[in-house]
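Chemist:
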Amino acid sequence: MTGPTTTADQPKAYSSPLPTPRPHLGHALASEWTKLVSVRSTVWTLGALVLLVVGIGLLAVAETSADDYRNVPLTAPALFGLLVGLVPVMVLGVLAITSEYGTGLIRTTFTAAPGRSRVLTAKYLVFAAVAFAAVAGSVSVVVFASFILHGDWAERQSAAQWAHALAGCLYVTLLGVLGLAVGAMLRHSAGAIAVMLGLVTLPPVTGGMLSIWESMAPVGRTILQYNAPVALIQLFGISNSDTSNGPSSWSQMLLLVLVTSAAVAGSYVLVERRDV
């Protein structure tokens with residue numbers, strides 16, 4: 024018979040000499056930043072955004088004269104490119120999370136960082152910062168060109184014009200955040216992109232069709248007043264007969280904030296409850 028096992032015979036527990044700090048939001052932010060800037064989809068989508076906003080904007084600046092800015096702000100040329108450039112922002116928002124579901128990387132992410140809400144929060148923060156910087160930077164290039172070529176810097180520069188332009192940049196960024204939230208809920212790139220494109224392109228078409236029939240005309244006019252292109256036009260401080268009698272620009276912004284907040288809240292609930 025063997026004697027009782029002594030403490031000296033038992034294997035010792037391994038203790039890593041490396042520091043093991045508790046995971047926090049900063050770690051998640053660093054991880055999401057690395058993932059966002061290291062994939063080619065980010066380069067392509069942001070490159071398309073810059074090309075559209077700056078290219079179309081500078082073309083508009085070159086084709087206009089100083090007299091064209093008597094009734095519109097000097098920030099208007101940036102709007103032309105941004106009406107198209109909002110599409111790459113929404114696409115990038117969707118791909119920021121659906122690409123991980125498509126490749127299976129999301130399993131590794133949630134294994135390394137079990138706090139799913141923390142990971143999702145980091146995605147929202149990193150994407151919003153990158154998207155707003157890219158949009159605002161592109162718009163600023165066009166606005167500076169407009170000021171230099173068609174306006175006296177001391178007389179025509181207005182803080183209100185810059186505020187309107189930045190509000191438009193924030194609106195486009197929120198559309199991208201909404202795309203990220205929809206991607207988190209659907210987990211499918213094509214489906215989420217289709218939803219976001221429909222959200223932007225269908226209201227003007229649907230509103231115009233409904234306005235044909237007298238009984239549906241009030242609904243059609245409401246839809247025509249509440250959509251992304253009209254909201255951007257108003258946020259940039261441009262008004263006409265179609266928008267002057269409609270909702271204010273800040274009402275448009277509030278509507279998008281409410282819709283985006285609801286989608287973000289839904290994404291947190293679904294990501295926490297369901298399997299990967």
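First residue of the sequence shown: 24, per our numbering; consecutive thereafter.
Even for Gly, the Cβ is constructed at its ideal location relative to N, Cα and C.
Remember, it's a predicted structure, so these values are computed and weren't measured experimentally.
Would you mind stating whether Y147 and V294 have Cβ atoms separated by less than 9 Å?
Modeler: Residue mapping note: residue 147 aligns to position 124 of the sequence shown, counting from 1. Residue mapping note: residue 294 aligns to position 271 of the sequence shown, counting from 1. No, the Cβ-Cβ distance between Y147 and V294 is not below 9 Å.
Chemist: Leaving aside the five residues before and after R244 along the sequence, list all residues of the same chain whose C-beta is less than 8 Å from its C-beta, in chain order.
Modeler: The residue given as residue 244 occupies position 221 in the sequence shown. Cβ neighbours of R244 beyond the five flanking positions: G230, S234.
Chemist: Hey, how far is the Cα of R93 from the Cα of A183?
Modeler: Translated into positions along the sequence shown, residue 93 becomes position 70. Translated into positions along the sequence shown, residue 183 becomes position 160. Distance between the alpha carbons of R93 and A183 is about 16 Å.
Chemist: Quick check: what's the CA-CA separation for I120 versus L102?
Modeler: As a first step, residue 120 is located in the sequence shown; it is residue number 97 there, counting from the start. As a first step, residue 102 is located in the sequence shown; it is residue number 79 there, counting from the start. Cα-Cα distance, rounded: 28 Å.
Chemist: Skipping 5 residues on each side, what residues in its chain have a beta carbon closer than 6 Å to that of G313?
Modeler: Absent from the structure is residue 313, since the part of the chain shown begins at 24 and ends at 299.
Chemist: Counting along the chain, where does the alpha helix (DSSP H) carrying H211 start and finish?
Modeler: Here residue 211 refers to the residue found at position 188 of the sequence shown. First-last for H211: undefined, no H or E at that position.
Chemist: L279 to L201, Cα distance in whole Å?
Modeler: By 1-based counting over the sequence shown, the position of residue 279 is 256. By 1-based counting over the sequence shown, the position of residue 201 is 178. Taking the straight line from one Cα to the other gives about 9 Å.
Chemist: In whole angstroms, give me the CA-to-CA distance for A157 and G78.
Modeler: For this step, residue 157 is matched to residue 134 along the sequence shown. For this step, residue 78 is matched to residue 55 along the sequence shown. One C-alpha to the other measures close to 14 Å.
Chemist: Can you look up G160 in the DSSP assignment and give me helix, strand or coil?
Modeler: In the sequence shown, the residue the question calls residue 160 occupies position 137. G160 falls in the helix class under three-state DSSP.
Chemist: Along the alpha helix (DSSP H) that carries S61, what are the first and last residues, could you check?
Modeler: Position 38 of the sequence shown, counting from 1, holds the residue named residue 61. No alpha helix (DSSP H) holds S61; DSSP gives it neither H nor E.
Chemist: Can you give the beta carbon distance from T65 to P111, rounded, assuming they're within the 8 Å contact cut?
Modeler: Counting from one through the sequence shown, the residue named residue 65 turns up at place 42. Counting from one through the sequence shown, the residue named residue 111 turns up at place 88. That belief does not hold up - the Cβ atoms of T65 and P111 are roughly 10 Å apart, past 8 Å.
Chemist: How many angstroms separate the CA atom of L74 from the CA atom of R139?
Modeler: If you number the sequence shown from 1, residue 74 lands on position 51. If you number the sequence shown from 1, residue 139 lands on position 116. Each residue's alpha carbon lies about 35 Å from the other.
Chemist: Suppose you measure from the CA of A177 to the CA of W185; what does that come to, to the nearest Å?
Modeler: Locating residue 177 in the sequence shown gives position 154, where the first residue counts as 1. Locating residue 185 in the sequence shown gives position 162, where the first residue counts as 1. With a pLDDT of 41 at A177, under the threshold of 50, the predicted position of this residue should be treated as unreliable, and no value is reported.
Chemist: Along the chain, which unbroken stretches of the beta strand (DSSP E) at least 3 residues long are found entirely within the region 180-241?
Modeler: Runs found: none.
Chemist: Please list the terminal residues of the continuous alpha helix (DSSP H) segment that includes E123.
Modeler: Residue mapping note: residue 123 aligns to position 100 of the sequence shown, counting from 1. E123 -> alpha helix (DSSP H) spans 99-126.
Chemist: Nearest by alpha-carbon distance to G125: which of H211, K58, E237, S262 is it?
Modeler: Residue 125 sits at position 102 when you count from the first residue of the sequence shown. Nearest of H211, K58, E237, S262 to G125, Cα basis: H211.
Chemist: Pick from F133, C192, A51: whose alpha carbon is nearest that of G104?
Modeler: For the purposes of this step, residue 104 is taken as the residue at position 81 of the sequence shown. Answer by Cα proximity: C192.
Chemist: Please classify L59 as buried or exposed, where buried requires at least 16 other C-beta atoms within 10 Å of its C-beta.
Modeler: Within the sequence shown, numbered from 1, the residue matching residue 59 stands at position 36. With 16 or more Cβ atoms within 10 Å of its Cβ, L59 is classed as buried.
Chemist: So is H187 buried or exposed if we call it buried at 16+ other beta carbons inside 10 Å?
Modeler: Numbered from 1 along the sequence shown, position 164 holds the residue referred to as residue 187. Buried, because 16 or more other Cβ atoms sit within 10 Å of the Cβ of H187.
Chemist: Look at the Cβ atom of L115, then the Cβ atom of F150, and state whether they are nearer than 9 Å.
Modeler: Reading the sequence shown from its first residue, position 92 is the one you call residue 115. Reading the sequence shown from its first residue, position 127 is the one you call residue 150. Yes, the Cβ-Cβ distance between L115 and F150 is below 9 Å.
Chemist: Assuming S290 and A159 form a contact by the criterion Cβ under 8 Å, report the distance between their Cβ atoms to the nearest whole angstrom.
Modeler: In the sequence shown, residue 290 corresponds to position 267, counting from 1. In the sequence shown, residue 159 corresponds to position 136, counting from 1. Contact flag wrong, Cβ pair sits at about 25 Å.
Chemist: Leaving out five residues before and five after P21 in sequence, what residues of the same chain have Cβ atoms less than 8 Å from its Cβ?
Modeler: Any question about residue 21 goes unanswered here, given that the chain covers just 24 to 299.
Chemist: Terminal residues of the continuous alpha helix (DSSP H) containing V288?
Modeler: Taking the sequence shown and counting its residues from 1, one reaches residue 288 at position 265. Inspection of the sequence shows that residue 288 is occupied by Ala rather than by Val. Segment 272-296, the alpha helix (DSSP H) holding A288.
Chemist: Return helix, strand or coil for E55, following the three-state DSSP convention.
Modeler: For this step, residue 55 is matched to residue 32 along the sequence shown. If DSSP states are grouped into helix, strand and coil, E55 belongs with the helices.
Chemist: Between T98 and F259, which are expected to be in contact by the criterion C-beta below 8 Å, what is the C-beta distance as a whole number of angstroms?
Modeler: The count along the sequence shown starts at 1 and reaches residue 98 at position 75. The count along the sequence shown starts at 1 and reaches residue 259 at position 236. The Cβ separation is near 6 Å, so the contact holds.
Chemist: Figure out for me which residue from V162, L281, E123 has the closest Cα to the Cα of L143.
Modeler: Residue numbering aside, residue 143 sits at position 120 when the sequence shown is read from its first letter. Nearest C-alpha to L143: E123.
Chemist: Going along the chain, which residues of its own chain have a beta-carbon closer than 7 Å to the beta-carbon of R141, five neighbours each way excluded?
Modeler: As a working mapping, residue 141 is identified with position 118 in the sequence shown. Around R141: L48, A51.
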